[in-house]
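Data first, discussion second: the structure below is written as structure tokens.
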Amino acid sequence: MLDIGTVAQRTGVPPSTLRYYEDNGLIQSVGRKGLRRQFDPQVLMQLALIDLMKMAGFRLGEIRGVFGMDGRPALSRPALHARADEIEQQIRELTTLKKALRHVAECPAQTHLACPKFRRILRMTAGHKAAHARD
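Offset between the sequence shown (1-based) and my numbering: plus 11.
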């Protein structure tokens with residue numbers, strides 16, 4: 012068994028976050044030794060998976076459903092595919108944005124508003140925001 016301090020040290024996850032995760036059903040302690048919560052060593056894998064899923068943009072409520080009663084992950088392949096598709100779309104949008112910003116930063120036009128590409132970017136941004144407002 013690993014106590015909460017050891018888990019925190021090995022994972023970099025503060026004890027307060029470990030308690031929060033436990034209170035919200037993401038991980039489970041197996042008991043206490045004095046006042047210190049004790050965890051099965053598999054919690055290290057669970058915390059790594061929680062961190063990976065948070066990096067991928069999953070919310071804690073979505074992550075909670077990943078672990079079965081035995082604490083083992085039961086990942087939904089369709090959900091993972093869907094999230095990978097969303098990330099891919101974000102990458103395309105961010106790549107386009109990066110290129111546009113580089114162009115605007117290096118544009119020889121007198122002002123940004125005199126740059127035709129910058130004006131197109133503004134129109135596209137306004138159209139993109141309006142389209143998302145309708146969703």
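Where a beta carbon is used, it is the ideal one built from N, C-alpha and C, also for glycine.
Check	Outcome
Cβ pair L60, I38 closer than 8 Å	no
Nearest residue (CA-CA) to T136, options L86, E117, A120 and L105	L105
Helix, strand or coil at G45 according to DSSP, with G and I counted as helix	coil
Beta-carbon spacing of V24, F50 below 8 Å	no
Ranges of the beta strand (DSSP E) found wholly within the segment 21 to 65, counting only runs of at least 3	42 to 44 and 47 to 50
Close-in-space but distant-in-sequence residues of the same chain around G36 (CB under 8 Å, 5 per side omitted)	R75
Close beta carbons around R113, own chain, < 7 Å, minus the five adjacent residues each side	none
Short Cβ contact (8 Å threshold) for L124 with R130	yes
Test: G16 CB closer than 8 Å to a CB of chain D	The chain labelled as chain D is not found in the depicted structure, where only one protein chain is given.
Three-state class that DSSP yields for D81 in the structure shown	coil
As assigned by DSSP and simplified to three states, the class of L158	The chain is shown only over 12 to 146; residue 158 falls outside these bounds and no answer can be derived.
Bounding residues of the alpha helix (DSSP H) (the contiguous stretch that carries L124)	No alpha helix (DSSP H) contains L124, which DSSP labels as neither H nor E.
Whole-angstrom distance between V54 and L86, CA atom to CA atom	16 Å
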